[in-house]
Amino acid sequence: MDASVIIRSVTMDPLLEFYIASTWACIRDTHTTQKNVLFDQYFPSYEIFEPVAIKASLTFCDGLLDVVSSPTPPPITYFEDLDVPQYDAKLFAVYVHVLQKNDERPRLYMGSGTNAKHGAIHRLKDYDAGRILPFYVTKSLEDGFELSHTALMCSMPLPTYGEVPVFRLLTLALEATFSYQFWALIAYKADYGMSHLCLWDWRDLPWDGLGSHSPLREGVQGEFDDNPQQLSEEELEAREAAYQLRFKEIHNRNNSNWHFKKMATDYDAYMGAVVERKRKERALNPGRDRAHQERRGKEAIENKTHHCARCHVSFPAKQALDNHKKTTDCINNVNHIPSRHLCRICNRRFSTKMTLTRHSNKDHPVVAAGPKVTQTKLSFV
Numbered sequence: 077m078d079a080s081v082i083i084r085s086v087t088m089d090p091l092l093e094f095y096i097a098s099t100w101a102c103i104r105d106t107h108t109t110q111k112n113v114l115f116d117q118y119f120p121s122y123e124i125f126e127p128v129a130i131k132a133s134l135t136f137c138d139g140l141l142d143v144v145s146s147p148t149p150p151p152i153t154y155f156e157d158l159d160v161p162q163y164d165a166k167l168f169a170v171y172v173h174v175l176q177k178n179d180e181r182p183r184l185y186m187g188s189g190t191n192a193k194h195g196a197i198h199r200l201k202d203y204d205a206g207r208i209l210p211f212y213v214t215k216s217l218e219d220g221f222e223l224s225h226t227a228l229m230c231s232m233p234l235p236t237y238g239e240v241p242v243f244r245l246l247t248l249a250l251e252a253t254f255s256y257q258f259w260a261l262i263a264y265k266a267d268y269g270m271s272h273l274c275l276w277d278w279r280d281l282p283w284d285g286l287g288s289h290s291p292l293r294e295g296v297q298g299e300f301d302d303n304p305q306q307l308s309e310e311e312l313e314a315r316e317a318a319y320q321l322r323f324k325e326i327h328n329r330n331n332s333n334w335h336f337k338k339m340a341t342d343y344d345a346y347m348g349a350v351v352e353r354k355r356k357e358r359a360l361n362p363g364r365d366r367a368h369q370e371r372r373g374k375e376a377i378e379n380k381t382h383h384c385a386r387c388h389v390s391f392p393a394k395q396a397l398d399n400h401k402k403t404t405d406c407i408n409n410v411n412h413i414p415s416r417h418l419c420r421i422c423n424r425r426f427s428t429k430m431t432l433t434r435h436s437n438k439d440h441p442v443v444a445a446g447p448k449v450t451q452t453k454l455s456f457v
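Per this note's numbering, the sequence shown starts with residue 77, numbered consecutively.
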């Protein structure tokens with residue numbers, strides 16, 4: 077083993093050391109028929125597993141060391157008092173759900189989120205939308221339970237593309253470890269042969285678990301053909317760049333196909349939903365669209381994105397430029413029709429004195445307030 081890893085292991089945080097050992101025990105003690113073969117392929121020994129777990133830079137929830145060191149299980153309020161996940165944080169994480177119902181024992185569910193782009197929040201948003209929920213969570217909600225609280229038990233920074241597969245395995249192993257330690261599993265008569273990992277007697281816990289199986293049995297997405305540790309930084313960066321490009325292309329294509337299909341099948345309903353969604357967005361963020369529009373308009377004028385070269389004037393939007401090209405002033409300039417009303421500041425001609433005055437007061441207020449500018453009658457050569 078690398079010397080730096082040995083030194084770091086000696087001075088390791090007690091909670092991290094405990095969970096590295098516990099997670100390795102979970103992988104080791106699970107029968108090969110009860111776990112994905114990738115765990116044994118990528119974590120064949122503790123000497124290989126430990127450096128991966130250290131590199132993950134794991135963060136654990138508050139008070140966890142005291143809880144796992146206690147001879148008695150924590151009350152359900154321990155989980156309910158943990159901080160709610162921040163939706164702008166991009167992390168791989170193991171999360172816990174608490175479900176409550178009056179006059180019923182609380183229920184506990186452990187899960188994980190490892191979306192390569194958005195992290196665990198991508199999975200938690202499924203719960204907000206009520207889609208793709210675990211079977212016993214859905215059944216509990218149908219039975220009148222409410223999802224009263226969600227928190228993160230542990231998390232790690234979003235890995236690079238090359239690290240995603242192996243850190244997905246690590247996250248699932250941590251999910252399994254937490255599920256066994258706090259027994260967040262459905263268990264009526266059997267203990268899955270893993271009750272020795274529970275920190276207390278699983279039959280005496282003040283909650284019921286909702287997990288239907290060990291997370292180690294789940295399929296794992298990712299390119300596992302090569303061990304990321306055997307690839308160079310350049311190869312990993314090239315893979316990540318290719319993945320991001322492919323992800324963007326697929327996302328854009330699927331997004332476009334969905335919208336076109338909706339418009340083709342029921343245009344009125346689709347547009348009604350769009351208008352309603354935009355209305356809600358504006359209500360939640362008053363003034364946001366106006367500020368964005370003003371910013372984009374200023375940038376367009378500065379960059380001369382929508383510019384009339386003949387009249388020497390720029391506009392904040394293409395529609396404004398198109399409208400300008402239909403005006404008498406622009407048409408006269410294009411057709412070289414002389415105009416007696418010239419703005420000497422920006423060399424722009426106007427068809428009437430009123431439009432010149434309005435232009436001067438709007439675009440050159442400082443000059444307009446000063447001495448009167450003499451207008452010169454000019455004609456095109």
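Note that CB positions come from ideal geometry on N, CA and C, so glycine has one too.
Closest by C-alpha distance to residue i, when choosing among the options
i: L397; options: L209, C419, G373 and R420; result: G373
i: P392; options: T381, I413 and L234; result: T381
i: C419; options: T403, I407, N408 and D439; result: D439
i: H173; options: I407, H368 and D159; result: D159
i: N191; options: E239, L140, L217 and P151; result: E239
i: H417; options: C387, K166, V296 and T341; result: C387
i: V144; options: I130, N408, A205 and Y256; result: Y256
i: T403; options: T431, E378 and A376; result: T431
i: K177; options: R207, E156 and D219; result: D219
i: R104; options: M270, A263, L261 and Y171; result: M270
i: P147; options: A376, L281 and A367; result: L281
i: A260; options: D179, L286, P233 and V242; result: L286
i: Y33; options: P241, R434 and I262; result: Coverage of the chain is limited to positions 77 through 457, which leaves residue 33 absent and any answer about it impossible.
i: Q297; options: E375, D157, F254 and R244; result: R244
Residue i, buried or exposed, once every other Cβ within 10 Å from all chains shown has been counted against 16
i: L343; result: First, the amino acid is wrong: residue 343 is Tyr here, not Leu. Per the 10 Å Cβ criterion, exposed.
i: N30; result: Nothing about residue 30 can be reported from this structure: the residues present for the chain run from 77 to 457 only.
i: A169; result: buried
i: C422; result: exposed
i: V410; result: exposed
i: P441; result: exposed
i: G363; result: exposed
i: L321; result: exposed
i: D89; result: exposed
i: V213; result: buried
i: D142; result: exposed
i: G467; result: The structure shown has nothing for residue 467, since the chain only spans 77 to 457.
i: D405; result: buried
i: V389; result: buried
Rounded Cβ spacing between residue i and residue j (contact assumed at less than 8 Å)
i: L246; j: A132; result: 6 Å
i: M229; j: C137; result: 5 Å
i: Y185; j: P161; result: Going by Cβ atoms, the distance from Y185 to P161 rounds to 15 Å, so no, they are not a contact pair.
i: E482; j: N112; result: With the chain covering 77 to 457 only, the question about residue 482 has no answer from this structure.
i: G195; j: K166; result: 4 Å
i: T106; j: S290; result: 7 Å
i: P127; j: W283; result: Contact doesn't hold; Cβ gap of about 35 Å is too wide.
i: Y171; j: G187; result: 6 Å
Any chain B beta carbon closer than 7 Å to residue i
i: S188; result: Of the protein chains in this structure there is only one, and it is not chain B.
Enumerated in chain order, which unbroken segments of the beta strand (DSSP E) with a length of 3 residues or greater are wholly contained in the region 341–395?
With a minimum length of 3 residues, the unbroken runs of beta strand (DSSP E) contained wholly in the region 341–395 fall at 382–384 and 389–391.
Restricting to runs no shorter than 3 residues, where is the beta strand (DSSP E) found entirely within the region 193–281?
Listed in chain order, the complete beta strand (DSSP E) runs (minimum 3 residues) inside the region 193–281 are 222–233.
Mind pulling the alpha helix (DSSP H) runs of 4 or more residues that sit fully within the region 143–202?
The qualifying runs are 152–156.
Three or more C-beta pairs under 8 Å: does that hold for the region 196–204 against the region 271–286?
Put simply, the region 196–204 does not touch the region 271–286. Fewer than three CB pairs are less than 8 Å apart.
Report yes or no: do the region 247–257 and the region 216–224 share at least 3 C-beta pairs separated by less than 8 Å?
A contact between stretches requires three or more CB pairs, one per stretch, nearer than 8 Å, and the region 247–257 fails this requirement with the region 216–224.
Within the region 396–425, ranges of the alpha helix (DSSP H) (whole runs, at least 4 residues)
Entirely contained in the region 396–425, the alpha helix (DSSP H) runs reaching 4 residues are, in chain order, 404–410.
Examine the Cβ distances between the region 147–156 and the region 116–134 and report whether three or more of them are shorter than 8 Å.
Verdict: no, contact absent.
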